[in-house]
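Residue numbers 0 to 68, in numbering that gives the first Met the number 0, belong to the letters of the sequence shown in order. Where is the CB? At the ideal position from N, CA and C, for every residue including glycine. Small disclaimer: the values here were computed from a predicted structure and weren't measured.
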Amino acid sequence: MFPRNPARIFRSRWSALLWAAGILFFAVTTIGFGDKETATVENATGITDATGAAVSNADLAVIANLIGG
Numbered sequence: 000m001f002p003r004n005p006a007r008i009f010r011s012r013w014s015a016l017l018w019a020a021g022i023l024f025f026a027v028t029t030i031g032f033g034d035k036e037t038a039t040v041e042n043a044t045g046i047t048d049a050t051g052a053a054v055s056n057a058d059l060a061v062i063a064n065l066i067g068g
């Protein structure tokens with residue numbers, strides 16, 4: 000990813016752009032873009048907590064409030 004002398008990358012705009020494009024390409028191919036839709040509790044079936052009780056949106060809101068999210 001990084002050459003021995005990183006300052007050489009930025010001597011030319013084109014080499015810097017190609018280097019940045021390579022980094023972005025690597026990130027997208029290894030991680031991907033992700034899902035198009037967000038999963039919610041209503042459309043997920045069978046989600047339970049550690050005790051076996053069903054998880055609701057109210058439970059998730061309490062946890063989000065607890066951790067500050």
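Item to complete: Compare the beta carbon distance of Thr18 and Ile8 with 9 Å and say whether it is the shorter of the two.
Response: The residue asked about is misnamed: residue 18 is Trp in this sequence, not Thr. Yes, these two residues count as a Cβ contact at 9 Å.
Worksheet item: Where does Asn42 fall in DSSP's three states?
Response: Residue placement at Asn42 is flagged as unreliable, the pLDDT there being 45, under the threshold of 50; the coordinate-derived value follows with that caveat. Of the three classes helix, strand and coil, the one that applies to Asn42 here is coil, per DSSP.
Worksheet item: Helix, strand or coil for Ala75 per DSSP?
Response: Residue 75 cannot be examined here, being either before or after the span of the chain that is shown, 0 to 68.
Worksheet item: For Thr47, which of helix, strand or coil comes out of DSSP?
Response: strand
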